[in-house]
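Undergrad: All residue numbers for the sequence shown refer to our numbering, where the first residue is 1 and numbers rise by one. Note that beta-carbon positions come from the ideal geometry of N, C-alpha and C, so glycine has one too. Note that the coordinates shown come from a computational prediction; the quantities given were computed from them, not determined experimentally. Handing you a structure now.
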Amino acid sequence: MTPAAQRGSRGAVAGLLTEDTPLRRIVPAKAAEALDRHKGLRTVADLLEYLPRRYVDPTQLTDLGELVEGEEAFVVARVARSSTRAMRARRGRLLTVVLTDGSHELDVTFFTPYGHERALAPGRIGSFAGTATTYRGRWQLTHPEYTLLDEDEVAGHVERYRSHLIPVYSSTGALTSMKIRSLVDLVLGSVEEIREPLPAQLVRRRGLPGRAEAIDTLHRPAVGADLRAALRRLRYDEAFVLQTILAQRRAEAQTLVTTARVAAPGGLLAAFDARLPFELTAGQRQVSEVLAAELARSTPMHRLLQGEVGSGKTVVAVRAMLAVVDAGGQAALLAPTEVLAAQHHRSITQMLGPLAADGMLPLGEPDADLDATRRATRVALLTGSQSAPARRAALEDARTGQAGIVVGTHALIQEHVAFHDLGLVVVDEQHRFGVQQRDTLRDKASAAAHLLVMTATPIPRTVAMTVFGDMEALSLTELPAGRSPIETFVVDATRPRWVARTWERVAEEVAKGHQAYVVCPKIGEPAPSSGDRRRAGPEADATAEDGWDRWDDTGDGAGQDAGEAGRELAGVYAVAAELRATPALAGLRVEVLHGRLDPSAKDAAMSAFASGQIDVLVSTTVIEVGVDVPNASTMVVMDADRFGLSQLHQLRGRVGRGRAGGLCLLMTGSDAPPARQRLDAVAATTDGVELARLDLALRREGDVLGARQSGRHTGVRCLRMGDPGDEELIGLAREDATALVAADPTLAAHPVLRDRVAARLDARQAAYLRRG
Ligand code: ADP
Ligand code: MG
């Protein structure tokens, strides 16, 4: 039967149903609710783009009579009976389900019967995948992956069953793979037409199957169907819609008008340059020139500045901000954490010296010439947790323009901070900011401000072309001269001699006059007498603030108490106490820093470390981004296997910023090969781009077709951000979409595409609103 005929035979729902129809109009309310809650699927398109994780090939089924010890088995069989019994060696009950094909039996065992007992009732038929072993003379699969098959599927439609692959969707709770499969079938059967969004000529030129055909193939593939081509089509579609949005944005941005900011000579910028204790690198000078030229234009600048950790982005940003101040405007600098905002405030104030004399009014009275003669400006700090009077003063300075530079955390965008004349917004460490927040920021700046976004996280080309596709990138490719490379070693934490040697190395560095960070995956509880001032409530600088972070979340153990096999994770307080009692470190000043400390304590710890009054700072990942203490030469990361690759790379970027070589010791008690492999990769290269790519690639483990539904990080569904093939596909889509938008800016001649674009924008908007 053709897909169209299958669809025609159902269609019980009235009204024109398209990909944009809400699922609740088609599937039962409870199912619609579950799809939304567990998977974030709301529309027909959402569900149809929710692809199977793998397929069971009914022609490749293992015969129950031909199992091989230790080999993967795929079987389709009926449940004969099941039983549970208490286990002797451990708590809990063991569920044994006996499967049969009529002549042979196979046991399937689960150590946590919950859910399985009911699902695998006698008489049910399912496909089971696992490793075949024998136990007391009987074949068994332990905790197999399984999917129940509809009785009809087996009995009534033997033919279809034999001729089609069985899609397996990733299941959550009550939403089993089988349930999802039946919902997909229902939806596919109800939708009159899956409309083609792409011009026919384009589909031909790129050698793609039609969208309807691709969707059918992926959800109900005939044995031998070209799954790859179908998948490629959906990925192209996703890329194309994104690229259309971006092309429209770029076109729109060209029509915006803002104030051109031309710095008056002899102002703050010149004074700042004269006070700089080093020469700018060639790269810093080039980037500065590009920025100055764009600030001087009346089309808003919209730039992404990429640069490896320690490449000196801050100076470039400060120079751009001062240029705007010299032109009479104000600049805002947004940092992802309070620690970093405070650091920026401290260092900018310090670098400006008398020119930022706090509390000093601009010289001269406000007259027409003020801007040109202005010699000093306030640098205001605005964070979510500062005292009310400090906050009021900062807000007032922003509003009146007394502060030429306002440094802050998210508080800057979340609240109604008014500026006298905001000319430039700089967002530092963008990977901590969601795309949406960036948009909000730009809206706040009334689309009129120039925007500079900085990131040290190397952005894979795929992401640069999608998430950041509406910005043009600039890069700082060289590190300032005189830096010594960071050396990284993996330390086996189960070996006391290695651990002891690690602390000796820390002591040696301190003896040489340097300082060290010790990073832990969790905070833990302070000893009752420690007297640390802690603030109640959620962690203000919690690592997961938004979007991009989740790139790094697979390895992030923060907040979890135990790692694999119940290993207790190192906590800041416990480690600090241990170090204070370690003879090798006797006499060293060890302090703690984490996001739950009260803001003044956080600030005090960070300033004390920056000024060398602390030798060893034991902290969480609050120091992950941006923190700049050149005298710190050593970093020890506890339970390093709990962190993502890019995250480790960011972390170690905190050391080796001065002339002393950096040393990074990654401690791990895990002997799991993948964990070791990941850490070895970090030790083997200092190339952040390579690590980001690996990070993305490793995340796809166990993903047969590469179609895992893991796009939450970037808001993409089918595209794989770490994949070179998809990179190429995104490139093609970009080219095609740009041409299409150039010819038809409002998509008037492409109504289906226009709908897909609108739906995509709505979904983003909705996600943003949900997040608050
Ligand atoms: P990142 O790009 O990671 O944000 P920073 O801006 O924090 O790097 O700079 C790292 C360190 O390098 C800082 O201590 C900064 O003062 C210093 N630095 C920046 N530019 C230069 C330069 N041209 N020469 C020497 N040191 C520099
Ligand atoms: Mg920085």
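#1: Compare the C-alpha of residue 751 against each of 197, 742, 37 and 80 and name the closest.
#2: From residue 727 to residue 456, what distance separates their C-alpha atoms?
#3: Give a single yes or no on whether residue 477 has its beta carbon closer than 6 Å to a heavy atom of the ligand MG.
#4: For residue 214 and residue 47, what's the separation of their Cα atoms in angstroms?
#5: What are the start and end residues of the alpha helix (DSSP H) that includes residue 112?
#6: In three-state terms, what does DSSP make of residue 471?
#7: What are the boundary residues of the beta strand (DSSP E) that includes residue 667?
#8: Nearest to residue 428 by alpha carbon, out of 314, 600, 472 and 394?
#9: Relative to the alpha-carbon of residue 658, which residue among 256, 633 and 109 has its alpha-carbon at the smallest distance?
#10: Using alpha carbons as the reference points, say which of 75, 590, 576 and 487 lies closest to residue 682.
#11: With respect to the alpha helix (DSSP H) encompassing residue 392, which residues constitute its N-terminal and C-terminal limits?
#12: Using DSSP with H/G/I as helix, E/B as strand and the rest coil, what is residue 38?
#13: Would you decide whether residue 519 is buried or exposed? Buried here means 16 or more other CB atoms lie within 10 Å of its CB.
#14: Can you tell me whether DSSP reads residue 87 as helix, strand or coil?
#15: Any heavy atom of the ligand ADP within a distance shorter than 6 Å of the CB on residue 456?
#16: Hey, out of 100, 291, 394 and 354, whose CA is closest to residue 323's CA?
#17: When the distance is taken between beta carbons, is residue 597 closer than 7 Å to residue 521?
#18: How many Å lie between residue 626 and residue 408 at the Cα?
#19: In whole angstroms, give me the CA-to-CA distance for residue 93 and residue 203.
#20: For the ligand MG, I want to know if residue 725 counts as a neighbour, meaning its beta carbon is within less than 6 Å of at least one of the ligand's heavy atoms.
#21: For residue 208, which three-state DSSP category applies?
#22: Report buried or exposed for residue 49, applying the criterion of at least 16 other Cβ atoms within 10 angstroms of its Cβ.
#23: In whole angstroms, give me the CA-to-CA distance for residue 619 and residue 637.
#24: Could you check which residue in 244, 662 and 477 has the C-alpha nearest to that of residue 739?
#25: Go through the region 180–205 residue by residue and report every complete run of the beta strand (DSSP E) that reaches 3 residues or more, in order.
#26: Please identify the residue among 742, 736, 25 and 762 whose C-alpha is closest to the C-alpha of residue 201.
#27: Going by DSSP, what residues sit across from residue 314 in a beta bridge?
#28: Using the C-alpha atoms, what's the distance from residue 661 back to residue 719?
#29: Could you give the first and the last residue of the continuous alpha helix (DSSP H) run that contains residue 236?
#30: With C-beta atoms as the reference, is residue 52 less than 7 Å away from residue 84?
#31: Just checking residue 299 against the ligand MG - is the residue's beta carbon closer than 6 Å to any of the ligand's heavy atoms?
#32: For residue 509 and residue 134, I'd like the C-alpha separation in whole angstroms.
#33: Excluding the five sequence neighbours on either side, which residues of its own chain have a C-beta within less than 7 Å of the C-beta of residue 807, listed in chain order?
TA: On the basis of the supplied data:
#1: Reading the sequence shown from its first residue, position 751 is the one you call residue 751. A check of alpha carbon separations from residue 751 across 197, 742, 37 and 80 identifies 197 as the nearest.
#2: The sequence position of residue 727 within the sequence shown is 727, counting from 1. The sequence position of residue 456 within the sequence shown is 456, counting from 1. Those two C-alpha atoms are separated by around 21 Å.
#3: Against the sequence shown, residue 477 aligns to sequence position 477. No, the Cβ of residue 477 stays beyond 6 Å of every heavy atom of the ligand MG.
#4: Position 214 of the sequence shown, counting from 1, holds the residue named residue 214. Position 47 of the sequence shown, counting from 1, holds the residue named residue 47. Taking the CA atoms as reference points, residue 214 sits about 14 Å from residue 47.
#5: Indexing the sequence shown from 1 puts residue 112 at position 112. First-last for residue 112: undefined, no H or E at that position.
#6: Residue numbering aside, residue 471 sits at position 471 when the sequence shown is read from its first letter. Coil at residue 471, not helix or strand.
#7: Locating residue 667 in the sequence shown gives position 667, where the first residue counts as 1. Run containing residue 667: 662–668, per the beta strand (DSSP E) assignment.
#8: Position 428 of the sequence shown, counted from the first residue, corresponds to residue 428. Checking every option, the nearest Cα to that of residue 428 belongs to 314.
#9: Position 658 of the sequence shown, counted from the first residue, corresponds to residue 658. Distance check between residue 658 and each of 256, 633 and 109 places 633 closest, using alpha-carbon atoms only.
#10: In the sequence shown, counting from the first residue as 1, residue 682 sits at position 682. Closest option to residue 682, judged by alpha-carbon separation, among 75, 590, 576 and 487: 487.
#11: Translated into positions along the sequence shown, residue 392 becomes position 392. Here the alpha helix (DSSP H) through residue 392 covers 388–400.
#12: Counting from one through the sequence shown, the residue named residue 38 turns up at place 38. In the three-state scheme derived from DSSP, where H, G and I count as helix and E and B as strand, residue 38 is classed as helix.
#13: Translated into the one-based positions of the sequence shown, residue 519 becomes position 519. Buried, by the Cβ-count rule.
#14: Position 87 of the sequence shown holds residue 87. Coil.
#15: As a first step, residue 456 is located in the sequence shown; it is residue number 456 there, counting from the start. Look at residue 456: its beta carbon is less than 6 Å from one of the heavy atoms in the ligand ADP.
#16: On the sequence shown, position 323 is the one that residue 323 refers to. Per the Cα distances, 291.
#17: Taking the first residue of the sequence shown as 1, we reach residue 521 at position 521. Taking the first residue of the sequence shown as 1, we reach residue 597 at position 597. Taking 7 Å as the cut-off, the Cβ atoms of residue 521 and residue 597 do not count as close.
#18: Residue numbering aside, residue 626 sits at position 626 when the sequence shown is read from its first letter. Residue numbering aside, residue 408 sits at position 408 when the sequence shown is read from its first letter. If you draw a straight line from the Cα of residue 626 to the Cα of residue 408, it comes to about 14 Å.
#19: Your numbering for residue 93 matches position 93 in the sequence shown. Your numbering for residue 203 matches position 203 in the sequence shown. Straight-line Cα distance between these residues: approximately 55 Å.
#20: One-based indexing of the sequence shown puts residue 725 at position 725. No, the beta carbon of residue 725 sits no closer than 6 Å to any heavy atom of the ligand MG.
#21: Indexing the sequence shown from 1 puts residue 208 at position 208. Here DSSP, grouped into helix, strand and coil, assigns residue 208 to coil.
#22: As a working mapping, residue 49 is identified with position 49 in the sequence shown. It counts as buried.
#23: Locating residue 619 in the sequence shown gives position 619, where the first residue counts as 1. Locating residue 637 in the sequence shown gives position 637, where the first residue counts as 1. Between the C-alpha atoms of residue 619 and residue 637 there is a straight-line separation of about 10 Å.
#24: Residue mapping note: residue 739 aligns to position 739 of the sequence shown, counting from 1. The option with the nearest alpha carbon to residue 739 is 244.
#25: Complete beta strand (DSSP E) runs here, min 3: none at all.
#26: Indexing the sequence shown from 1 puts residue 201 at position 201. The shortest Cα separation from residue 201 among 742, 736, 25 and 762 belongs to 736.
#27: Residue 314 sits at position 314 when you count from the first residue of the sequence shown. Answer is none; residue 314 lacks a bridge partner.
#28: The residue you call residue 719 lines up with position 719 of the sequence shown. The residue you call residue 661 lines up with position 661 of the sequence shown. Distance between the alpha carbons of residue 719 and residue 661 is about 40 Å.
#29: Start at 1 with the first residue of the sequence shown, and residue 236 comes out as number 236. Per DSSP, residue 236 belongs to the alpha helix (DSSP H) from 227–253.
#30: The count along the sequence shown starts at 1 and reaches residue 52 at position 52. The count along the sequence shown starts at 1 and reaches residue 84 at position 84. Contact: no.
#31: For this step, residue 299 is matched to residue 299 along the sequence shown. Incorrect: residue 299 has no Cβ contact closer than 6 Å to the ligand MG.
#32: The count along the sequence shown starts at 1 and reaches residue 509 at position 509. The count along the sequence shown starts at 1 and reaches residue 134 at position 134. Taking the straight line from one Cα to the other gives about 55 Å.
#33: In the structure displayed, the chain extends from 1 to 772; residue 807 sits before or after that span and is not available.
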